[in-house]
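What follows is a set of notes on a single structure, which appears directly below.
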């Protein structure tokens, strides 16, 4: 087994491997994965030295937690860090005929209610422990409290108020009692990091949008605020939901939608520079994220053991410093973006 360096999450006692494993694919996101393939993929990650695993009740409506827990129950509890999420409470669907699968190919038949209250968060946390079959989790993440899922300011404000006046008491109490080591929030868009930090004392953010090889919109203000507050960032959508893994191919996707001409053009220009320096585009994408000191971990998902093995190889691929300086010279990265090896 190889080892992967660890980084501290905020000022908590949690130290995560800088390369973790995201659990959304184990919930059958967009396409199904067999039980055997899920367990083999988790085993491959463990064998590669991965010791940080992220999941959520929403992933497959409980399926990801069941699968991740099935594997982690067989490992020594003090040898891994696991995060799961709160904000939805699941109950068995009363009518399979009208059950809404959403983006999940084969979710478990449970409907959910959005709930950021004290009782809702405690119910979600306790249900997660039972689905995982574990006595504890290390990190809890406030899940999808944003415009992407709730669509308008009225609903976002209402849920933030529910969190601040009720649900935060549950999270803060669990942390103060040592039941969990840290609390974070999932971020799908710009502007939510300062809103959360104005309200509650978080240890980290799990960021899906706003910082990658194609955009560094969060760097100057939101990541700077995190650094000032000693708040870590964990990066979820490491390949921007596709295009930084596939390149600018026909049908390439950027954050779950067809990539625009502007994004395709920028990707092609970055790819050309990567090719000039004999560097795979996805290697540059992963290593760029890890170069930022505010980033504690990246957590790409995987559907098969080979995906894990390929990603591990990519983070270890030597990349010339000149690649990074060329990207900045061509104005494809912002000038102050941290890059590996002093690029």
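Numbering (this note's numbering), first residue to last: 686 to 1028.
Positions of the beta carbon are idealized from the N, C-alpha and C atoms, including for glycine.
Here the structure is a predicted model, which is why all the values come from computation and not from measurement.
Inter-residue Cα distance where the pair is residue i and residue j
i: residue 933; j: residue 1011; result: 20 Å
i: residue 946; j: residue 773; result: 36 Å
i: residue 881; j: residue 802; result: 16 Å
i: residue 969; j: residue 982; result: 16 Å
i: residue 791; j: residue 711; result: 10 Å
i: residue 1008; j: residue 958; result: 7 Å
i: residue 688; j: residue 948; result: 35 Å
i: residue 717; j: residue 888; result: 33 Å
i: residue 641; j: residue 741; result: For residue 641 there is no data in the structure shown, the boundaries of the chain being 686 and 1028.
i: residue 706; j: residue 965; result: 21 Å
i: residue 728; j: residue 756; result: 8 Å
i: residue 989; j: residue 912; result: 35 Å
i: residue 746; j: residue 961; result: 44 Å
i: residue 850; j: residue 842; result: 12 Å
i: residue 951; j: residue 901; result: 13 Å
i: residue 878; j: residue 1014; result: 30 Å
i: residue 914; j: residue 1016; result: 29 Å
i: residue 698; j: residue 752; result: 26 Å
i: residue 724; j: residue 956; result: 34 Å
i: residue 721; j: residue 1025; result: 37 Å
i: residue 787; j: residue 797; result: 12 Å
i: residue 856; j: residue 785; result: 29 Å
i: residue 778; j: residue 903; result: 39 Å
i: residue 941; j: residue 829; result: 16 Å
i: residue 984; j: residue 910; result: 22 Å
i: residue 840; j: residue 1006; result: 46 Å
i: residue 815; j: residue 754; result: 9 Å
i: residue 776; j: residue 870; result: 23 Å
i: residue 780; j: residue 795; result: 10 Å
i: residue 876; j: residue 905; result: 12 Å
i: residue 811; j: residue 996; result: 33 Å
i: residue 1029; j: residue 979; result: Because the chain here runs from 686 to 1028, residue 1029 falls outside it and cannot be looked at.
i: residue 846; j: residue 883; result: 12 Å
i: residue 762; j: residue 719; result: 25 Å
i: residue 863; j: residue 935; result: 49 Å
i: residue 696; j: residue 1021; result: 25 Å
Assumed close pair residue i, residue j - CB separation to whole angstroms, cut-off 8 Å
i: residue 868; j: residue 860; result: 6 Å
i: residue 726; j: residue 998; result: The pair is not a contact, with the Cβ atoms about 16 Å apart (cut-off 8 Å).
i: residue 771; j: residue 825; result: 6 Å
i: residue 1019; j: residue 974; result: Going by Cβ atoms, the distance from residue 1019 to residue 974 rounds to 14 Å, so no, they are not a contact pair.
i: residue 994; j: residue 733; result: 7 Å
i: residue 1023; j: residue 963; result: The pair is not a contact, with the Cβ atoms about 23 Å apart (cut-off 8 Å).
i: residue 848; j: residue 827; result: 7 Å
i: residue 758; j: residue 818; result: 5 Å
Closer than 7 Å to chain B by CB, residue i
i: residue 948; result: Reference to chain B is not applicable here, since this structure consists of a single protein chain.
Residues near residue i in its chain [Cβ-Cβ closer than 7 Å; skip 5 each side]
i: residue 805; result: 774, 852
i: residue 937; result: 927, 928, 931, 944, 949
i: residue 953; result: 933
i: residue 789; result: 712, 713, 714, 745, 746
i: residue 865; result: 822, 823, 824, 825, 859
i: residue 793; result: 745, 746, 747, 748
i: residue 813; result: 742, 750, 769, 822
i: residue 972; result: 1000, 1004, 1025
Spatial neighbours of residue i in its chain, beta-carbon cut-off 8 Å, leaving aside the 5 residues before and after
i: residue 760; result: 731
i: residue 874; result: 831, 832, 833, 894, 895
i: residue 899; result: 925, 928, 929, 939, 948, 951, 952, 955
Residues near residue i in its chain [Cβ-Cβ closer than 6 Å; skip 5 each side]
i: residue 702; result: 689, 691, 735, 736, 737
i: residue 808; result: 774
i: residue 897; result: 925
i: residue 1002; result: 968
i: residue 907; result: 878
i: residue 800; result: 774
i: residue 854; result: 803
i: residue 693; result: 700
i: residue 844; result: 801, 830
**Item:** Whole runs of the beta strand (DSSP E) within the segment 853 to 901, excluding any shorter than 3 residues
**Value:** 867 to 872, 889 to 892
**Prompt:** Do the segment 760 to 767 and the segment 827 to 837 make contact, defined as three or more Cβ pairs closer than 8 Å?
**Reply:** no
**Item:** Ordered list of alpha helix (DSSP H) runs contained in the segment 792 to 835, each at least 4 residues
**Value:** 803 to 817, 832 to 835
**Prompt:** What runs of the alpha helix (DSSP H), each 4 residues or longer, lie entirely inside the segment 941 to 975?
**Reply:** 946 to 961, 966 to 975
**Message:** Quick check for students: name the residue ranges of the beta strand (DSSP E) that lie wholly in the segment 686 to 736, counting only runs of 3 or more.
**Reply:** 691 to 693, 700 to 702
**Request:** Would you check if the segment 913 to 929 and the segment 886 to 905 touch, i.e. whether three or more CB-CB distances between them fall below 8 Å?
**Result:** yes
**Request:** Go through the segment 747 to 789 residue by residue and report every complete run of the alpha helix (DSSP H) that reaches 4 residues or more, in order.
**Result:** 748 to 757
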